[in-house]
Amino acid sequence: MRKFLQGLGALITLMGVSGAVDHLWTQPILGVVLNAFNRLVVRNVAVLQENALLANLGLAVCGVVLVVAAEASPSARRRA
47 MRKFLQGLGA
57 LITLMGVSGA
67 VDHLWTQPIL
77 GVVLNAFNRL
87 VVRNVAVLQE
97 NALLANLGLA
107 VCGVVLVVAA
117 EASPSARRRA
């Protein structure tokens, strides 16, 4: 389960960074997958449309927090 959460956190981090890059410039690599947050969430929520860069950077931070939390979980320490 820890590896799954770490992978999910890494994907969320990549999606946030990709969305921020796409907001500032263009995203040439895996834009269909990595910009799903922009297409499905940011465009449909008015508050996030006004602050798209902050929303994407917040998503990236949430991904980092998920990776760190999965690494620091008690079950991860027992196995090590």
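Positions 47 to 126 (this note's numbering) are the ones given, in order, by the sequence shown. Note that the Cβ used here is the ideal one computed from N, Cα and C, for glycine as well.
- Item | For residue 88 and residue 95, the rounded distance between their alpha carbons | 6 Å
- Message: Could you tell me the alpha carbon to alpha carbon distance between residue 71 and residue 113, rounded to whole angstroms?
- Response: 27 Å
- Message: Starting from residue 64, trace the alpha helix (DSSP H) in both directions and tell me its first and last residue.
- Response: 48–70
- Query: How is the alpha helix (DSSP H) around residue 76 delimited, first residue to last?
  - Reply: Following the DSSP letters along the chain, one finds residue 76 in no alpha helix (DSSP H), marked with neither H nor E.
- Message: Using only the alpha-carbon positions, how far apart do residue 115 and residue 121 sit?
- Response: 11 Å
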